[in-house]
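Undergrad:
Okay, here's the thing in structure tokens:
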């Protein structure tokens, strides 16, 4: 099966998602308040955006409750002790897995191999 990569961001700080849609970095206005503080940068990196586009990376946005739940779930099931920022990838996987339309869109199947990166430790 073809590989699929997703960037996961908080709904309140969607700088990469908007940049991928616009094909250029866009400054996100507002306070960017999110439990995933390390992801509230406000503007995507132009060099990173080029790489993401080159590899046809898509994005998924997650709610604050999903971010907090993902960090707790990761710890509860023996994963690393991480923050909402670090567990953002798990939050995205759980969102996609819970919705038929998103599973189809992102080609997530029972036999999919998923690589999650916990980007922060506590």
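Residue numbers (the working numbering): 60 to 181.
Quick reminder that beta carbons are idealized off the backbone N, C-alpha and C, glycines included.
Treat the numbers as computed from the prediction; the structure is a model and nothing was measured.
1) Secondary structure at residue 149, three-state DSSP: helix, strand or coil?
2) List in chain order: all unbroken alpha helix (DSSP H) runs of 4+ residues lying wholly within the stretch 82-121.
3) Apply the 10 Å Cβ neighbour rule to residue 144 and answer buried if 16 or more other Cβ atoms are within range, or exposed otherwise.
4) Are the beta-carbon atoms belonging to residue 74 and residue 116 less than 8 Å from one another?
5) For residue 68, list the residues DSSP reports as bridge partners.
TA: Let's see:
1) Here residue 149 sits in helix by DSSP.
2) For the stretch 82-121, whole alpha helix (DSSP H) runs of length 4 or above, ordered along the chain, are 105-113.
3) A residue is called buried once 16 or more other Cβ atoms fall within 10 Å of its Cβ, and residue 144 is buried on that count.
4) It is not a contact, given that the beta carbons lie outside the stated cut-off.
5) For residue 68, which the question treats as bridged, DSSP gives the partners 120.
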